[in-house]
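All residue numbers for the sequence shown refer to my numbering, where the first residue is 534 and numbers rise by one.
For reference, the structure is listed below as structure tokens.
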Amino acid sequence: MGQSKKVLSWFEIPATDIDRAVQFYQTVLGRRLERRDLDKVKIAILAQGAEISGGAIIQGEGRNPHSGGVLVYFNANVAETLKKVGESGGKIIVPATEVEGDFGIYAVIQDTEGNKVGLHQY
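The following block contains the structure:
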């Protein structure tokens, strides 16, 4: 098996209440998450595959939500996605902001678990 050229292989967003977190991400991102209960963790997969970076919402021991650390950005229609954040229990931390140099628009939100995640649109 050769090494993938993807920079990001897999990410996990920790949750204390996976049901609440799944509802938030399904509503805000407009995509269905695939739920699985593994040995000692519960996960809800956002995406995975050979050609895309995979990731999941995860609840389990040692997986504690927080607002610091790595910031993952989701491809999204920023304006439309931000409309759904507050009504889904999240907060807008950085409003839609144009990136200089024609690099698109981004925003940063806080999910229902207290994690910060980014939104980006070219």
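Glycine included, C-beta positions come from ideal geometry on N, C-alpha and C.
Counting C-beta atoms within 10 angstroms of its own C-beta, Tyr-558 has 16 or more neighbours from the protein chains shown and is therefore classed as buried. Closest option to Thr-560, judged by alpha-carbon separation, among Val-574, Lys-617 and Ala-589: Lys-617. Around the beta carbon of Gly-619, fewer than 16 other beta carbons sit within 10 angstroms, so the residue counts as exposed. From the listed residues Gly-637, Thr-645, Glu-633 and Asn-608, the smallest Cα separation to Ile-626 is found for Thr-645. Uninterrupted beta strand (DSSP E) stretches at least 3 residues long and entirely within the stretch 594-641 occur at 606-608 and 624-631, given in chain order. Put simply, the stretch 545-555 touches the stretch 585-602. At least three CB pairs are less than 8 Å apart. Cβ-Cβ separation between Ile-546 and Ile-591: approximately 7 Å, consistent with a contact (criterion under 8 Å).
Remark: C-beta atoms of Leu-562 and Ala-609 approach each other more closely than 8 Å.
At the C-beta level, Val-650 and Ile-642 come within 8 Å of one another. Taking C-beta separations shorter than 7 Å and ignoring five residues to either side along the sequence, the partners of Lys-573 in its chain run Gly-593 and Glu-594, following chain order.
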